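Read through the structure below, which is laid out as structure tokens, and then see the notes.
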Amino acid sequence: MVVFRLFDYADCPEDGTVLPGAHSIERFLIEEELNWIIEFNASDRKICAQELTNYARGANVPIAYMILEVLFSQLFRLPLPPQPTGFYGPVLLDLCRVQSSTMPQVLAQAAELLYQRVATMQPLCLDRFVDWFSFHLSNFGFRWSWNDWKDCLTADRWDAKKIFAREVIERCRRLSYYGQLKEFLPTSFAAMIPPPPDVVCKFDDENQPGYEAASKFLTLIQSRSDDNTIMAEIRDGENRYDPDLFGIFFAVLLKTSAKSFSHTFVALSRYSTTLKTIADTSDEMQEVLLFCLFQCWRHNHLRIIILVDKMLKMQILDCGVVISWIFSESLRSETDRQWVWEVLNTALERLSRHIHKVAHDVEILQKRVDRQRNEAGDEMEDSEVKTREQEELEQQQEKLDNLKDFQKSLFLDVLHKFTVLLTEFIVHCETEGTDFRTPYFAWINGRFKQIFLMHGADLHEFTDDLRRELFSSSDIDPNVLETFQQFVALRE
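For the numbering used here, add 239 to where a residue sits in the sequence shown, where the first one is 1.
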């Protein structure tokens, strides 16, 4: 059993009540009651906050500290918190409003303690900390003692404090507007302010190769030319689709629809036939789309996350190509950013949801066929209905089997890429005579563990295949293999 402790008696005011010891039975009992109150009132955050406040009135301990400790212990629980992650931010807001004399100060103290310990967090927990803290700041005018965190400014690129602070600033920009960042951040944090989140289209430059083609595509898009006209322009002299022209077209499409997500979705739908037809010809064409998307929206990560997911849903992109892109050399400079891993896990989750939907359809069809057999027995007269239902079941079952095979291959590919990345780094450190246990290793290894944490239910089905086809290799360093062994041990 993992026991979460954020505060000890030294963190509480000296003139107040005493916080029970970390292993005190009194502390465990109060925690259990607080957990029960949260679970019982989880459907209404305002009532939940009020009930926690009512409980606090009769407590002879620094209950604000214990309430926050319980809430954060739930938020950071792995693999999943008891409630949706979006539940905790509003509850903490309501607690600050209801207990305005004590809770905001204790919560600020908790945030500071968590920041100081962020290097010991799993990246998945750091993500949740970023999401909660940026949400909380957005409800209090982004007021914070930023200068207390100046130590992150001179830290290494892979330092957890620096990653956390940078991602919080990025999230605050999403929750406000770009100009407001400069208003609430001190000048010492100027280097951490991201560039304006505007679309960047290199073909706006007249001296850029491809400018003339971009101008032509712009005219065609503005005149709402049909797919056949666009595809004809993308073909080269040998009547094959030209990847450079395809990239120019997509960049112009993104630029012309940059006003809002709705505009971009409409543009993708209008030219979905063009995008899907050409993307289906090869993985290279899908890589062109991803490369252009990153080049155009590299200063607006939310756009990339949502548009990759949208194109996966539209079946313009394939999950396997997206994963190869995530681990490609062109994104190596982004691996310390939160958005990269969000794209990876979103792609895996989308495939998993699709498989569950198909499995549900198979289950319904199987029940329907079984019911028909039971009702008619051996004298079923409507053989056509029987055949039609049976054929549909067989088709769906085949589709499900193919999807599961694809999912297994995808997980093998993802985990193999992680093992290669980590093992090569360990070998490099041993060659250089340095310790491999660096912030970089902790970050990448944490993202490796995140795959097992977030997709454990699906991976469990393939445990034997993973062991046989990947984790039995002697080339994998024992420090990397340990993660898989821990995952297997959880199920044994």
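Glycine included, every Cβ here is placed at the ideal spot set by N, Cα and C.
This one's a predicted model, so the numbers in the text were calculated from it and none came from an experiment.
Beta-bridge pairing of residue i - partner residues as DSSP gives them
| i | result |
| --- | --- |
| Arg610 | In the DSSP output, where bridge partners are listed per residue, Arg610 has none listed. |
| Arg474 | Tyr480 |
Distance between residue j and residue i (C-alpha atoms, nearest Å)
| i | j | result |
| --- | --- | --- |
| Glu671 | Arg576 | 27 Å |
| Ile555 | Ala598 | 23 Å |
| Glu472 | Phe488 | 9 Å |
| Val380 | Asp333 | Per the sequence presented here, residue 380 reads as Gly, with Val not at that position. Near 16 Å, if we compare the C-alpha coordinates of Asp333 and Gly380. |
| Phe485 | Trp580 | 27 Å |
| Arg336 | Leu291 | 13 Å |
| Thr468 | Gly418 | 41 Å |
| Phe311 | Leu692 | 18 Å |
| Glu526 | Ile545 | 17 Å |
| Ser508 | Thr458 | 18 Å |
| Ser282 | Leu654 | 37 Å |
| Arg367 | Pro448 | 43 Å |
| Gln629 | Lys596 | 19 Å |
| Pro197 | Leu642 | Lying outside 240 to 731, the shown extent of the chain, residue 197 is not represented and no answer is given. |
| Glu265 | Gln344 | 24 Å |
| Asp716 | Glu272 | 45 Å |
| Leu392 | Glu253 | 33 Å |
| Gln646 | Ser591 | 8 Å |
| Glu445 | Lys549 | 31 Å |
| Thr324 | Leu365 | 13 Å |
| Ser569 | Ala696 | 31 Å |
| Asn274 | Val659 | 42 Å |
| Ala506 | Leu492 | 7 Å |
| Arg612 | Leu541 | 51 Å |
| Asp557 | Tyr480 | 19 Å |
| Tyr450 | Phe442 | 5 Å |
| Asp714 | Cys668 | 16 Å |
| Ile690 | Asn584 | 8 Å |
| Leu661 | Val719 | 7 Å |
| Ser427 | Asn378 | 23 Å |
| Ala288 | Tyr304 | 14 Å |
| Gln461 | Lys494 | 12 Å |
| Trp385 | Gln338 | 24 Å |
| Ile241 | Arg730 | As written in the sequence, residue 241 is Val, which differs from the Ile given in the question. Cα to Cα, Val241 sits roughly 17 Å from Arg730. |
| Ser263 | Lys421 | 46 Å |
| Ile269 | Glu663 | 48 Å |
| Arg463 | Leu353 | 53 Å |
| Ile543 | Arg296 | 47 Å |
| Ala358 | Thr673 | 20 Å |
| Leu414 | Leu314 | 21 Å |
Presumed contact (8 Å Cβ cut-off) between residue i and residue j, rounded CB distance
| i | j | result |
| --- | --- | --- |
| Met360 | Ala399 | 7 Å |
| Asp522 | Val560 | 5 Å |
| His538 | Pro436 | 5 Å |
| Leu376 | Cys411 | 6 Å |
| Asp466 | Tyr510 | 6 Å |
| Trp564 | Leu529 | 5 Å |
| Cys735 | Val439 | Past the edges of the chain, shown from 240 to 731, lies residue 735, and the structure says nothing about it. |
| Phe687 | Thr722 | 6 Å |
| Met470 | Thr516 | 7 Å |
| Glu318 | Cys251 | Just to set this straight, residue 318 is Pro in the shown sequence, not Glu. Not quite, the Cβ-Cβ distance comes to about 32 Å (not below 8 Å), so this is no contact. |
| Phe566 | Lys455 | No, Phe566 and Lys455 are not in contact; Cβ-Cβ is about 35 Å, not under 8 Å. |
| Pro433 | Glu409 | 6 Å |
| Ile286 | Asn280 | 5 Å |
| Val608 | Val582 | 40 Å between Cβ atoms; not a contact. |
| Trp734 | Pro678 | Here the chain covers residues 240 to 731 and nothing more, so residue 734 does not appear. |
| Arg589 | Leu639 | No, Arg589 and Leu639 are not in contact; Cβ-Cβ is about 16 Å, not under 8 Å. |
Residue i Cβ short of 7 Å to the ligand NAD heavy atom set
| i | result |
| --- | --- |
| Phe381 | The ligand NAD is not among the ligands present in this structure, which contains no ligands whatsoever. |
Do the segment 241 to 254 and the segment 342 to 361 make contact, defined as three or more Cβ pairs closer than 8 Å?
yes
Would you check if there are 3 or more beta carbon pairs closer than 8 Å linking the segment 327 to 346 to the segment 369 to 377?
yes
Would you list, in sequence order, the uninterrupted alpha helix (DSSP H) runs of no fewer than 4 residues that lie entirely inside the segment 655 to 697?
678 to 693
Restricting to runs no shorter than 4 residues, where is the alpha helix (DSSP H) found entirely within the segment 396 to 443?
399 to 414, 417 to 423
For the segment 486 to 506 against the segment 396 to 415, do three or more pairs of beta-carbon atoms, one drawn from each stretch, fall closer than 8 Å, so that the two count as touching?
no
Which whole runs of the alpha helix (DSSP H) in the segment 258 to 291 are 4 residues long or more, in chain order?
264 to 279
Check whether the segment 594 to 612 touches the segment 625 to 642, taking contact to mean three or more Cβ pairs, one atom from each stretch, closer than 8 Å.
yes
Give a yes or no on contact between the segment 301 to 311 and the segment 682 to 690, applying the rule of three or more CB pairs nearer than 8 Å.
no
The segment 706 to 718 touching the segment 650 to 664, judged by at least three CB pairs closer than 8 Å:
yes
To test your reading of the DSSP string, which unbroken alpha helix (DSSP H) runs of 4 or more residues are found completely within the segment 322 to 403?
324 to 337, 342 to 355, 362 to 377
Jot down the residue ranges of each uninterrupted alpha helix (DSSP H) in the segment 510 to 535, minimum 4 residues, whole runs only, in chain order.
511 to 518
Ordered list of alpha helix (DSSP H) runs contained in the segment 566 to 592, each at least 4 residues:
none
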